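Let me begin by presenting the structure, written as structure tokens, before commenting on it.
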Amino acid sequence: MNSCYLFKKGARRTAGSLAILISASFLGEGTLRGDSSSRTNARLPHGFAYHHDEIPDGPWSVHIVKVDRANPDLELQTTLPNGNQIGLATLSEQVKATAPRLGRPVAAINGDYYNKTRPYVGDPKGLQILDGELISGPCDWTCLWTDAAGHPHMTNVASHFEVTWPHGTRTPFGLNEDRPRNAAVLYTAAIGPSTRTSGGRDLVLERNGTNDWLPLRIGQSYSARVREVRPGGGAPLTKDTMVLSLGRQLEARAESVAPGTVLKISTATMPNLKGARMAIGGGPPIVRDGKDIARTEMYVRHPRAAIGWNDDYFFLVEVDGRQRRLSVGMTLPELANYMIKLGCKEALNLDGGGSATFWVYGQLMNSPSEGRERGMANALMLIQKEKR
């Protein structure tokens, strides 16, 4: 059968009746056949392939990149606007800003949900790790992360970040986010040139001796020496410093802190992610152990994005939506069913709606629902590592 889809005639268009049969050639060795143009049905080298699945009974327009997990030259990584700073930028802009040391970007899809209010517009809602650097802390929700060996995991991750004061008491802290009056937040240069805090007290931290220091990594313990105490907030940030900012209600905990004071900073989590090279937030999870676990009340169709995998392949998937003649979007159960038909054992929903964007080899492949690319906080990117 050359068709890339099969529906039960007369069936209701729900997750239960979305009986999609993905072409056997795409699920097999990666040789894609059919009547599509070269843009929509392309054979790409080096262990990955792009496919455009056009399904009239919907209609649906689905973009897929299938990646051979056994290929040592390919790796999933995350992105940031300008390559290294929290904010908003389109997917194309973020891919273009990728640091050359990471390798060559070959495909990308939009990532996590994000904060839309000032002064921290673009702060990812969940965990983000970029090439081992901890950018954004977890929010005890589901995320995708890869361990030191490159194996993917889809788990809830809870923050146990804390600072230990000289007298032994401990205070939890957030990372690179808005700081409430009754909380502490640790800032790195990923947030920008300053903390942009107002009120409270900022403690500028530097390396203590020869201990491990920046870039900040998850599951680590750091010995930090206070370089400067700055009442009122707004401390500057550099690539060699961090700032622990305390809201007004916590200032008393730092009354005895002065330049030269040593603090212990922990970036522990549950589970322990020490050594993780990449992480990105999203949710909800939609496939677990090959079964649909999407929330059944999510029956509204929207543009969607997802990452899925099995023992052999990763699948980056984007579904266009809100375009009646092109693609109506999918419900989460429909998306879960589609990912299962692709062969996914695990799958995580990502930010969707106007953010749903798909990029391959320098070209925007999908049709964003707003008619143009939207600025976003981060993305999930497939890179071809430089051979050394």
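Numbering (the numbering used here), first residue to last: 10 to 397.
We put the beta carbon where it would ideally sit given N, CA and C, even for glycine.
Quantities reported herein were computed from a predicted structural model and do not represent experimental measurements.
**Message:** If distances are taken between C-alpha atoms only, which option among K354, A244, N358 and Q229 comes closest to K273?
**Reply:** The residue among K354, A244, N358 and Q229 with its C-alpha nearest the C-alpha of K273 is Q229.
**Top-ranked residue by Cα proximity to A267, from T305, N319 and V213** = Per the Cα distances, V213.
**Prompt:** Among N375, A365, D321 and T340, which one has its Cα closest to the Cα of A79?
**Reply:** Nearest C-alpha to A79: D321.
**Asked** Taking just the CA atoms, how far does M348 sit from F323?
**Response** Approximately 11 Å between the Cα atoms of the pair.
**Request:** Whole angstroms is fine: what's the gap from G363's alpha carbon to G269's?
**Result:** Cα to Cα, the separation comes out at about 49 Å.
**Asked** Which one or two residues does DSSP pair with T164 in a beta bridge?
**Response** DSSP, once it has assigned bridges, lists C152 as partnering T164.
**Prompt:** So the alpha helix (DSSP H) N119 belongs to, where does it begin and stop?
**Reply:** Going by DSSP, N119 is part of no alpha helix (DSSP H) but of the beta strand (DSSP E) stretching over R113 to N119.
**Request:** Find the nearest neighbour of G120 within the set P114, T107 and K134, judged by alpha-carbon distance.
**Result:** Nearest neighbour of G120 by Cα position, chosen from P114, T107 and K134, turns out to be K134.
**Message:** If distances are taken between C-alpha atoms only, which option among M374, T206, P202 and D301 comes closest to Q94?
**Reply:** Checked all of M374, T206, P202 and D301; the closest Cα to Q94 is P202.
**Asked** Would you call Y308 buried or exposed, if buried means 16 or more other Cβ atoms sit within 10 Å of its Cβ?
**Response** Exposed.
**Asked** Within 10 angstroms of its Cβ, does Y59 collect 16 or more other Cβ (buried), or is it exposed?
**Response** Here Y59 is buried. Its C-beta has 16 or more other C-beta atoms within 10 Å.
**Prompt:** Between the C-alpha atoms of Y370 and E327, what's the straight-line distance to the nearest angstrom?
**Reply:** Spanning the two alpha carbons is a distance of roughly 16 Å.
**Asked** Which residues mark the beginning and the end of the alpha helix (DSSP H) in which V104 is found?
**Response** That run of the alpha helix (DSSP H) goes L100 to K105.
**Request:** Have a look at T173 and Y129 and give me their C-alpha separation to the nearest angstrom.
**Result:** It is roughly 26 Å from the alpha-carbon of T173 to the alpha-carbon of Y129.
**Item:** Residues that I392 bridges to, as DSSP identifies them
**Value:** For I392, which the question treats as bridged, DSSP gives the partners E84 and P114.
**Item:** Between the CA atoms of G183 and S168 - distance to the nearest angstrom
**Value:** If you take the alpha carbons of S168 and G183, they lie about 8 Å apart.
**Prompt:** Is it true that the stretch 140 to 156 meets the stretch 249 to 264, where meeting means three or more beta-carbon pairs spaced less than 8 Å apart?
**Reply:** At 8 Å Cβ cutoff, the stretches do not touch.
**Request:** Can you give me the Cβ contacts of R310 inside the same chain, cut-off strictly under 7 Å, excluding the 5 residues immediately before and after it?
**Result:** Once the five neighbours on either side are set aside, the close Cβ partners of R310 are G330, V337, G338, M339 and T340.
**Item:** Sheet register partners of I289 (DSSP bridge)
**Value:** Answer is Q137 and L153, bridged to I289.
**Message:** Can you give me the C-alpha to C-alpha distance between R2 and T366, rounded to a whole angstrom?
**Reply:** In the structure displayed, the chain extends from 10 to 397; residue 2 sits before or after that span and is not available.
**Asked** Considering only the beta carbon of each residue, do E379 and G112 sit closer than 8 Å?
**Response** No, Cβ-Cβ distance for E379 and G112 is not below 8 Å.
**Request:** Label S265 either buried or exposed according to how many other C-beta atoms from any shown protein chain fall within 10 Å of its C-beta, with 16 as the threshold for buried.
**Result:** Per the 10 Å Cβ criterion, exposed.
**Asked** So what does M339 bridge to, in DSSP terms?
**Response** Per DSSP, H311.
**Message:** Taking the alpha carbon of L373 as the reference point, which residue from A285, E102 and V166 has its own alpha carbon closest?
**Reply:** Cα-wise, what sits closest to L373 is E102.
**Asked** DSSP puts W69 in a beta bridge; with which residues?
**Response** In DSSP, W69 forms a bridge with I64.
**Request:** Could you tell me which residues DSSP puts in a beta bridge with S275?
**Result:** In the DSSP assignment, S275 is bridged to E171 and S230.
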